[in-house]
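For the record, the sequence lines run as chains A and B.
Just so we're aligned, residue 1 is where the first sequence starts under the numbering used here, counting upward by one.
Just so we're aligned, residue 1 is where the second sequence starts under the numbering used here, counting upward by one.
To start, the structure under review is shown below, and the notes come after it.
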Amino acid sequence: MVRIKFLRSGGSFYENLWMAIATLRAHKLRSSLTIIGVVIGVWTVIGISSLISGIDLAVKREVESFGIRSIFIYKFDIGFRTSEPTREERMRPNLTYEDALAIAQLPSVEVSVPFLNITNNRWGQKILVTRAGKTSAAVRLEGTLPDYERAGVETISEGRFFVQYENDSSQPVCVIGSSVADNFFPYGSPIGETIEIGGREFRVVGVLAKREQFGGGEGSDDVNNVIYVPYNVARKLKPNADDVFILAVARAGYLDQAKDEITDLLRRRRQVPFDQPNNFSIETAESIVQQFRSLMAGVAIAMVAISSVGLMVGGIGVMNIMLVSVTERTREIGTRKAIGARRRDILWQFLIEAATLTGMGGLIGLLLGWATSFVIRLFLPSYVPLWAPIVGVIASVGIGIIFGLWPAWKAARLDPVEALRYE
Amino acid sequence: MLTAQVQEEIVPYGELLAQEAVPAALISMRDIWRTYQMGEEQVHALRGVSFDVQKGEYVAIIGPSGSGKSTLMNIIGCLDTPTRGRYWINGKLVSEMDDDELARIRNKEVGFVFQTFNLLPRATALHNVELPLIYAGVPAAERRERAKRALMAVDLADRMMHKPNELSGGQRQRVAIARALVNHPSILLADEPTGALDTATSREIMNLFERLHEEGNTIIIVTHEPDIAARAHRIISIRDGRIEKDERVK
Ligand SMILES: Nc1ncnc2c1ncn2[C@@H]1O[C@H](COP(=O)(O)OP(=O)(O)O)[C@@H](O)[C@H]1O
Ligand SMILES: [Mg+2]
């Protein structure tokens, strides 16, 4: 058994721990009130860190489901935004179909396709989707090119994607998301069936595989509640629309190069003066996750603040209770000194008592934190990061030692004769 | 610099003197003073006490209340240090020891028995007796064994797992005596050990002390009861912080 020298002559660490637990058990109510702050502090650390880790993982998965080589290009800023587009943003020219085709020609780009969103028509009204008396306004409607299939974001589960010929000749065909299939075609296969979009009949040629998504997703938030139609057909449903979102996929290993090439190309095509910033945004899965993480840093700081306040309150409570305890046990301290306890033995006894007190608070906080993370796991792929319980335990025990130091020192310095005479 | 030099010259000389004078007795006190500062005035609880106690003696210290008996006992037991004077235990100069060394002496060389027992209320009799061994760093199993033996020696084998509040006054004092003896000290000190006990129990405890003395222990006991003092072999009378009389009675 490893024993550290300074612990040794004070009996053993276990001896002190045993005495500390016995003392704390003798004052259950007082002890539990004292450690509430520490419990809350550690609980916050564990609970919030598991929440953050859960959201982080969910966001990462979802963003990466669009492909880690994917590059998202739009005239407005993409990602987690907290404000409306600025005046400068609203003045930006649209990205165009031709921009998407030009990007496709770049050497480091494998695929580049435009998306024309026609969920709303040119007057801002929803374009409705109808079949057999059932109507929905919540379906996301996108016009794109057959090349989108090569981007690897979607998988066909049944039928096929539409082809270039169908786009070029504006055939009314569509590929539907799994939720649309479930909603409008609950019985039998949708392939070859028709569905009405904006008052026109479309033939379903393919059904997409269901995509996993963060938080389930309902209605228009559901990534599977989508219909893709050929780009040219979308243009007809929403004439004069040319507000294009571009998805490009870099060749393997060329993500950064592709980003640079696209940026250069778009700056040239959009005639951005060399001393001006981009008037479009270009993001990757990684950069969007990064954006999200800087957003989460704020939450993390709030967590640290709450838990430090909890720990400080706990610490002051512990100091107070330990001072009371030292006074109450003056005779005991005198007795211990009379039979051979040295200053450091008494110091250790009280430090270990304080650390046991806060350590128990930490342990309770840990259990509550784990329970919380269990609840969070019902909604998010949450886990408790390894550092959180380690920090929680170290912080709670550390608080006991720091705030227990003064009371313990007071106890250690007591004069044995006076301590024994204390009533 | 000058003072430092002076001290360097004086201290070794002083130690030389002390070394020459190292007494052979178990306890040896030379001109012990204990002075309390009470605001402006000084209270001399002890005014130059000198005496020796040999191994195996049974000494009673008597004197009126406030005469300095407890002060003297606390100094003998190394709970307190003299303001002036020299004090040796087993030839070791205690009056100049630091705190840790004093703690060691209290742990190993002396066993202290108090009027009010001073047991830890939440600990069992056994654990109370183990306590000095804990501070001596004795391993748990040996500790338990020795504590049990000490309790048997005071006829408390059947009360080991009782807490102090489950024991009578006499039993508590016997636990305290077991605690004082468990580390085989050179001397057993008892400051009015029967002060909180009735007559019958007092007699019982005094019989125990007598037995312990017969077994070879050196004992110093403070009392103000003449019939208790009469059981000792030597009586030191104290008055106003001075030894008034020091006589062998047996
Ligand atoms: N801590 C102290 N401060 C001041 N005076 C003290 C202190 N302890 C003892 N005294 C004084 O020293 C004297 C001797 O006390 P003590 O040794 O307790 O006497 P005894 O035990 O013989 O009754 C008394 O006058 C007492 O008031
Ligand atoms: Mg007294």
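Glycine residues also receive a C-beta, built at the ideal position from the N, C-alpha and C atoms.
All values derive from a computational prediction rather than experimental measurement.
- With a cut-off of 8 angstroms, the C-beta of Asp-80 of chain B is classified as distant from ligand 2, since no heavy atom of the ligand falls inside that distance.
- Here Val-180 of chain A is buried. Its C-beta has 16 or more other C-beta atoms within 10 Å.
- As the crow flies, the alpha-carbon of Ser-70 of chain B is around 8 angstroms from that of Val-222 of chain B.
- Around the C-beta of Arg-131 of chain A, 16 or more other C-beta atoms lie within 10 Å, and the residue is accordingly described as buried.
- The residue among B:Met-29, B:Asn-74, B:Asp-155 with its C-alpha nearest the C-alpha of Ala-190 of chain B is B:Asn-74.
- For Ser-50 of chain B, the three-state secondary structure derived from DSSP is strand.
- In the DSSP assignment, the residues bridged to Gln-37 of chain B are B:Gln-42.
- In this structure, the CA atom of Pro-381 of chain A is about 12 angstroms from the CA atom of Glu-212 of chain A.
- Assignment of Arg-242 of chain B by DSSP, reduced to helix, strand and coil, places it in the strand class.
- Here Phe-115 of chain A is buried, its C-beta having at least 16 other C-beta atoms within 10 Å.
- In the structure shown, Ala-371 of chain A adopts helical secondary structure according to DSSP, grouped into three states.
- What Leu-420 of chain A touches in chain B, judged by beta-carbon distance under 8 angstroms, is Leu-79, Phe-114, Asn-118, going in chain order.
- Distances taken from the Cβ of Ala-103 of chain B to the heavy atoms of ligand 1 include none shorter than 8 angstroms.
- Pro-82 of chain B does not reach chain A, its nearest Cβ partner there being about 12 angstroms away, counting only Cβ pairs nearer than 9 angstroms.
- As computed with DSSP, Met-29 of chain B is found in a beta bridge with B:Phe-51, B:Tyr-87.
- Here the alpha carbon of Gln-349 of chain A sits roughly 24 angstroms from the alpha carbon of Ala-178 of chain B.
- Runs of the beta strand (DSSP E) spanning 3 or more residues and lying entirely within the region 142-174 of chain A occur at 156-159, in chain order.
- Taking C-alpha positions only, Phe-72 of chain A is separated from Arg-267 of chain A by approximately 16 angstroms.
- Leaving aside the five residues that flank Gln-291 of chain A on each side, the residues in its chain whose CB is nearer than 7 angstroms to its CB run, in chain order, Gly-79, Phe-80.
- Annotation: the continuous beta strand (DSSP E) that includes Arg-131 of chain A extends over 129-131.
- In the DSSP annotation of this structure, Ala-24 of chain B is not part of any alpha helix (DSSP H), being labelled neither H nor E.
- Cβ neighbours of Val-163 of chain A within its own chain (closer than 8 angstroms, five residues either side excluded): Pro-146.
- If you look at Glu-110 of chain A, you'll find it in the beta strand (DSSP E) that goes 109-117.
- By the C-beta criterion, the region 390-403 of chain A is judged to be in contact with the region 357-367 of chain A, since at least 3 inter-stretch pairs fall below 8 angstroms.
- At least 9 angstroms separates the CB of Pro-23 of chain B from every CB of chain A.
- Beyond the five residues adjoining it in sequence on each side, Val-154 of chain B comes within less than 7 angstroms, by CB distance, of Arg-174, Ile-177, Ala-178, Leu-208 in the same chain, given in chain order.
- Inter-residue distance for Ala-305 of chain A and Leu-405 of chain A is about 24 angstroms (C-alpha atoms, whole angstroms).
- Distance between Ile-156 of chain A and Leu-128 of chain A, taken at the CA atoms: about 24 angstroms.
- The region 223-235 of chain A and the region 164-178 of chain A touch, with three or more beta-carbon pairs separated by less than 8 angstroms.
- Taking every residue with its beta carbon within less than 6 angstroms of a heavy atom belonging to ligand 1 gives, in chain order, B:Tyr-36, B:Met-38, B:Val-43, B:Ala-45, B:Gly-63, B:Ser-65, B:Gly-66, B:Ser-67, B:Gly-68, B:Lys-69, B:Ser-70, B:Thr-71.
- According to the DSSP assignment, Asp-191 of chain B belongs to the beta strand (DSSP E) that extends over 187-191.
- Taking the beta carbon of Val-417 of chain A as reference, the chain B residues within 8 angstroms of it are Asn-74, Leu-79, Asp-80, listed in sequence order.
- Between Asp-240 of chain B and His-44 of chain B, the alpha-carbon positions lie close to 8 angstroms from each other.
- Straight across, the Cα-Cα distance linking Ile-89 of chain B with Ala-25 of chain B is about 8 angstroms.
- Leu-323 of chain A is positioned such that its CB atom lies no closer than 9 angstroms to that of Pro-416 of chain A.
- Pro-132 of chain B is a Cβ neighbour of Val-182 of chain B, given a cutoff of 9 angstroms.
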